[in-house]
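Participant: Before anything else, here's the structure in question.
Protein chains: 2
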Amino acid sequence: MNIYDIAELAGVSIATVSRVVNDSPRVSEKTKQKVRTIMEEHGYTPNVFARGLGLDSMKTIGILCPDVSDAYMATAVAHLESRMHEHGYDCILCCSGFEQSVKEKYVSLLLAKRIDALLMVGSTYAGTGESDKNTQYVRDAAKQIPVFLINGFLDGENIYCAYGDDYQATYDVTSQMIETGRKRILFLCDSHSYSANQKLAGYESALKAHGLPVLGDLKLYVKNRIHTVRDILLERRDLRFDSVVATDDGLAVGAIKYANAKLLKVPENLCITGFNNSALSICSDPELSSIDNRVEELCNISVDNMMKILLGEETEVNRNNRIPCRLIKRCTTDF
Amino acid sequence: MNIYDIAELAGVSIATVSRVVNDSPRVSEKTKQKVRTIMEEHGYTPNVFARGLGLDSMKTIGILCPDVSDAYMATAVAHLESRMHEHGYDCILCCSGFEQSVKEKYVSLLLAKRIDALLMVGSTYAGTGESDKNTQYVRDAAKQIPVFLINGFLDGENIYCAYGDDYQATYDVTSQMIETGRKRILFLCDSHSYSANQKLAGYESALKAHGLPVLGDLKLYVKNRIHTVRDILLERRDLRFDSVVATDDGLAVGAIKYANAKLLKVPENLCITGFNNSALSICSDPELSSIDNRVEELCNISVDNMMKILLGEETEVNRNNRIPCRLIKRCTTDF
DNA sequence: CTGAAAGCGCTAACAA
DNA sequence: TTGTTAGCGCTTTCAG
Chain F
1 MNIYDIAELA GVSIATVSRV VNDSPRVSEK TKQKVRTIME EHGYTPNVFA
51 RGLGLDSMKT IGILCPDVSD AYMATAVAHL ESRMHEHGYD CILCCSGFEQ
101 SVKEKYVSLL LAKRIDALLM VGSTYAGTGE SDKNTQYVRD AAKQIPVFLI
151 NGFLDGENIY CAYGDDYQAT YDVTSQMIET GRKRILFLCD SHSYSANQKL
201 AGYESALKAH GLPVLGDLKL YVKNRIHTVR DILLERRDLR FDSVVATDDG
251 LAVGAIKYAN AKLLKVPENL CITGFNNSAL SICSDPELSS IDNRVEELCN
301 ISVDNMMKIL LGEETEVNRN NRIPCRLIKR CTTDF
Chain Y
1 MNIYDIAELA GVSIATVSRV VNDSPRVSEK TKQKVRTIME EHGYTPNVFA
51 RGLGLDSMKT IGILCPDVSD AYMATAVAHL ESRMHEHGYD CILCCSGFEQ
101 SVKEKYVSLL LAKRIDALLM VGSTYAGTGE SDKNTQYVRD AAKQIPVFLI
151 NGFLDGENIY CAYGDDYQAT YDVTSQMIET GRKRILFLCD SHSYSANQKL
201 AGYESALKAH GLPVLGDLKL YVKNRIHTVR DILLERRDLR FDSVVATDDG
251 LAVGAIKYAN AKLLKVPENL CITGFNNSAL SICSDPELSS IDNRVEELCN
301 ISVDNMMKIL LGEETEVNRN NRIPCRLIKR CTTDF
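Going down the list, the sequences are from chains F and Y.
Going by UniProt numbering, the first residue of the first sequence is number 1, and it counts up by one from there.
Going by UniProt numbering, the first residue of the second sequence is number 1, and it counts up by one from there.
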């Protein structure tokens, strides 16, 4: 059943059917009704490929993230899908992992699919914030379609970023630890992404601002697996620390497990904060204080900006959207 | 840059270019090389819409799930995407929630996009296992394209199911609780889906098989939020139980929080099992014993079957794939 | 307000 | 081995 069949059944031309499908005002209400009835009776659906060929768009966007099975990204993807759906767009989801070549391959694949825009979730797509060669593929993609980065910043034409102020959040929380008497703050991290580097910078700045030394030993990079973190901490008997600033909830829960194993009082003897305010934070015991970088808001900003761009209002949109994070206080902090 | 441009630059016809793109054997190696060089030099990518129009396929499948932000579904989606990608297929992701009308709308939307197959994750799409009217839309979709159901069973032409044996798993775990001396086993549940009903049946069978009464009071349906579960349990001072069979890890963790709040010894005074073996289970304290229904295997079965069907080997595939679950033992059980 | 017809870029049957 | 050409189903000028 195609547009010709409908046209014939309705006794009009295909042009008229097309106009009805697209709700053009240049059709009399009477023929509109007539055609619509026929279409419904026969369950007609326009062929999206043909339409795509003509319009060079299938109203589809690409969502790229390293791994949807990660809670943070899953939340983001769920929210993005829902918001895009409101606007009549479908989402092609791709999980690239963290490897450069795979990320690049996925982006070209997505571009070949002629998506209308590309949404990238996760600061891994922003590089480390230093060299440019690892982010060139993003810039190249932006030459073809608008690119939206969630949770990372990358400066470039047609690249629109929305991210939480990880620097400030980490600065603040570190400062509060110091102000409540902590002197040896462990920085627990699992990557060197743009976001991770921002958090590190915030941590170091706070130490310096309060006249504390930045100790290499207290910057610990480990795999983000709860038991692994706990065990590493347990083994490092040389390492002394009275508090933990973790860049992810999983790492922080590892620290909680460590505290429980050593029978340390939390937060009195060990003060801990996590990042992302995930389900883990209310699952652990004691429950974890965690910095919420408000993914849903980041998603909303990106989607709103995208719709503006797609409708040709690029002049009105800010390429650099940084929003404050907030600390969700639970039981592993006393501030 | 389209096929005509390439053809002209290479001094061949568009048919030849098309053959090169599709790696047809009916082109001399020499011209193949020549054309390929030109294509690369100019960064030519075939237009997927035009190709889709001709082949009536864009090598895209639809993945429908109620909510990707749920850990179980996120894992499934991540795995599915990765496996489909291996086979050169892209995935359109849709999150339908649990409302009937929305689920139906999403399915028609996906069908209109001319996907090659539909993957549905979650037993909500299998109905309750009783009436047929809630699953008619699934059967209708199956008239157009093959439908694959993960974690639920629905009998029907062109519908292929893969699910864990929730009945048996729940039967076994309930039996073990009884055999280790428990007499009042609370069944904690948050839905009436096909899967939930299977679990309930397993629970009830086990009670009967061991000569224990099936008590209405001990079947508790609550919202799947950790603190809510804990609070409800705390309030129900009339309710006596010595063990908990939860249909989801979140519910089970709620029970753990309840036990901790009441200073009950786990598992001695309260034995608890969860379902899905999610990240929550190693996060809680004590860590949760949980039934793993092996999503990844379910996904693999579905993807393998799908590829067979898409390649026209439907005779070889089983529509009803039930696989055993396994209990991952941690600290909330003593068996 | 409606229709005829020219694309959109590719695939595949048919010719050569 | 290669080229010609007729679709695939829709959108959109251009005429009327």
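Each residue gets a CB set at the ideal place from its N, CA and C atoms; glycine is no exception.
Going by beta carbon distance, what residues of the same chain come within less than 7 angstroms of SER96 of chain Y, once the five residues before and after it are set aside?
Facilitator: So the list reads LEU64, PRO66, VAL102, LYS103 and TYR106, once near-sequence residues are dropped.
Participant: Which class does GLY202 of chain Y belong to by DSSP, given the choice of helix, strand or coil?
Facilitator: Note: GLY202 of chain Y maps to helix in three-state DSSP.
Participant: Using a beta-carbon distance below 7 angstroms, is VAL77 of chain F in contact with chain Y?
Facilitator: It does; some Cβ of chain Y falls within 7 angstroms.
Participant: Which ranges would you report for the alpha helix (DSSP H) in the region 99 to 162 of chain F if only whole runs of at least 4 residues count?
Facilitator: The qualifying runs are 100 to 112 and 136 to 144.
Participant: Please confirm if the region 168 to 176 of chain Y is in contact with the region 313 to 328 of chain Y, defined as three or more CB-CB distances below 8 angstroms between the two stretches.
Facilitator: Verdict: yes, contact present.
Participant: Put LEU207 of chain F into one of helix, strand or coil per three-state DSSP.
Facilitator: Note: LEU207 of chain F maps to helix in three-state DSSP.
Participant: For a contact meaning CB atoms closer than 9 angstroms, what does ASN158 of chain F contact in chain Y?
Facilitator: What ASN158 of chain F touches in chain Y: nothing, since even the nearest Cβ is about 18 angstroms away.
Participant: DSSP three-state label for CYS325 of chain Y, please.
Facilitator: In the structure shown, CYS325 of chain Y sits in coil (DSSP, three-state: anything other than H, G, I, E or B).
Participant: Mark LYS199 of chain F as exposed unless 16 or more other C-beta atoms lie within 10 angstroms of its C-beta, in which case mark it buried.
Facilitator: LYS199 of chain F is buried by the Cβ-count criterion.
Participant: Can you list the residues of chain Y that PHE187 of chain F reaches, using a CB-CB cut of under 9 angstroms?
Facilitator: What PHE187 of chain F touches in chain Y: nothing, since even the nearest Cβ is about 21 angstroms away.
Participant: In the DSSP assignment, find the unbroken alpha helix (DSSP H) run with LEU270 of chain F in it and report its ends.
Facilitator: Unbroken run through LEU270 of chain F: none, as it is neither H nor E.
Participant: The region 113 to 125 of chain F: which residues have C-beta closer than 7 angstroms to a C-beta of chain Y, in chain order?
Facilitator: Of all residues in the region 113 to 125 of chain F, LYS113 and ARG114 have a Cβ within less than 7 angstroms of some Cβ in chain Y.
Participant: Give me the subset of the region 258 to 290 of chain Y whose CB atoms are less than 8 angstroms from a CB atom of chain F, sorted by chain position.
Facilitator: The residues in question are ASN260, ALA279, LEU280, ILE282, CYS283, SER284 and ASP285.
Participant: Counting pairs of beta carbons, one from the region 297 to 306 of chain Y and one from the region 70 to 85 of chain Y, are three or more of them closer than 8 angstroms?
Facilitator: Yes: at least three Cβ pairs fall under 8 angstroms.
Participant: Would you verify that the beta carbon of SER69 of chain F is, or is not, closer than 7 angstroms to some beta carbon of chain Y?
Facilitator: Cβ-Cβ to chain Y under 7 angstroms: yes for SER69 of chain F.
Participant: Tell me whether the beta-carbon of SER289 of chain F lies closer than 7 angstroms to the beta-carbon of ARG330 of chain F.
Facilitator: Their beta carbons are under 7 angstroms apart, which means SER289 of chain F touches ARG330 of chain F by this criterion.
Participant: Whether or not the region 141 to 161 of chain F and the region 203 to 222 of chain F are in contact is what I'm after, with contact meaning three or more pairs of Cβ atoms, one per stretch, closer than 8 angstroms; do they touch?
Facilitator: Output reads no: the region 141 to 161 of chain F does not touch the region 203 to 222 of chain F.
Participant: Between the C-alpha atoms of HIS192 of chain F and THR135 of chain F, what's the straight-line distance to the nearest angstrom?
Facilitator: For HIS192 of chain F and THR135 of chain F, the distance between alpha carbons rounds to 14 angstroms.
Participant: Closer than 8 angstroms between beta carbons: that is the criterion. Which residues of the region 209 to 235 of chain F meet it against chain Y?
Facilitator: So the close ones are ILE226 and HIS227.
Participant: If you draw a straight line from the C-alpha of THR31 of chain Y to the C-alpha of ALA7 of chain Y, how long is it?
Facilitator: Going by the C-alpha atoms only, they are around 11 angstroms apart.
Participant: Could you pull the start and end residues of the alpha helix (DSSP H) that GLY250 of chain Y belongs to?
Facilitator: 249 to 261 is the span of the alpha helix (DSSP H), which, as asked, contains GLY250 of chain Y.
Participant: In chain order, what residues of the same chain lie with their CB nearer than 6 angstroms to the CB of SER57 of chain Y, ignoring the 5 residues before and after it?
Facilitator: Same-chain partners within the cutoff: ASP116.
Participant: Could you give the DSSP three-state label for VAL317 of chain Y: helix, strand or coil?
Facilitator: Coil, per DSSP.
Participant: If you compare alpha carbons, which of Y:LEU251, Y:VAL17 and Y:ASP90 is closest to THR45 of chain Y?
Facilitator: Ranking Y:LEU251, Y:VAL17 and Y:ASP90 by Cα distance to THR45 of chain Y puts Y:VAL17 first.
Participant: Only counting the same chain, and skipping five residues up and downstream in sequence, which positions put a Cβ closer than 6 angstroms to that of ILE3 of chain F?
Facilitator: Excluding residues within five positions, the ones whose Cβ falls inside 6 angstroms are ILE14 and VAL17.
Participant: For ILE309 of chain Y, which residues from the same chain have a beta carbon less than 6 angstroms from its beta carbon, with the 5 sequence-adjacent residues on both sides left out?
Facilitator: Once the five neighbours on either side are set aside, the close Cβ partners of ILE309 of chain Y are PRO146.
Participant: Based on the DSSP output, what are the partners of THR60 of chain F in its beta bridges?
Facilitator: Per DSSP, F:ASP90.
Participant: Among F:ALA279, F:CYS283, F:LEU280 and F:VAL253, whose alpha-carbon lies nearest the alpha-carbon of CYS271 of chain F?
Facilitator: Per the Cα distances, F:VAL253.
Participant: Hey, is CYS65 of chain Y's beta-carbon within less than 7 angstroms of any beta-carbon in chain F?
Facilitator: So no, CYS65 of chain Y is outside the interface.
Participant: Please report the Cβ distance between ASP249 of chain Y and LEU280 of chain Y, rounded to the nearest whole angstrom; I am assuming they are in contact, meaning their Cβ atoms lie under 8 angstroms.
Facilitator: With a Cβ gap of about 4 angstroms, ASP249 of chain Y and LEU280 of chain Y count as contacting.
Participant: Given a cut-off of 7 angstroms on the beta-carbon distance, is the pair ALA246 of chain Y and LEU311 of chain Y in contact?
Facilitator: No, Cβ-Cβ distance for ALA246 of chain Y and LEU311 of chain Y is not below 7 angstroms.
Participant: How is the alpha helix (DSSP H) around ALA169 of chain Y delimited, first residue to last?
Facilitator: It spans 166 to 179 - the alpha helix (DSSP H) in which ALA169 of chain Y sits, taken as one unbroken run.
Participant: With H, G and I counted as helix, E and B as strand and the rest as coil, what does DSSP make of VAL245 of chain F?
Facilitator: Looking at VAL245 of chain F - three-state DSSP - the assignment turns out to be strand.
Participant: Would you mind telling me which residues of chain Y sit closer than 9 angstroms to ILE92 of chain F, beta carbon to beta carbon, in chain order?
Facilitator: Near ILE92 of chain F (Cβ distances below 9 angstroms), the residues of chain Y are THR60, ASP90, CYS91, ILE92 and LEU93.
Participant: Could you list which residues in chain F have their beta carbon closer than 9 angstroms to that of LEU53 of chain Y, in chain order?
Facilitator: Under the 9 angstroms cutoff, chain F gives ASN47, PHE49, ALA50, GLY52 and LEU53.
Participant: So ALA74 of chain Y contacts chain F; which residues on that side make the cut at Cβ distance below 7 angstroms?
Facilitator: Simply VAL68, SER69 and ALA74.
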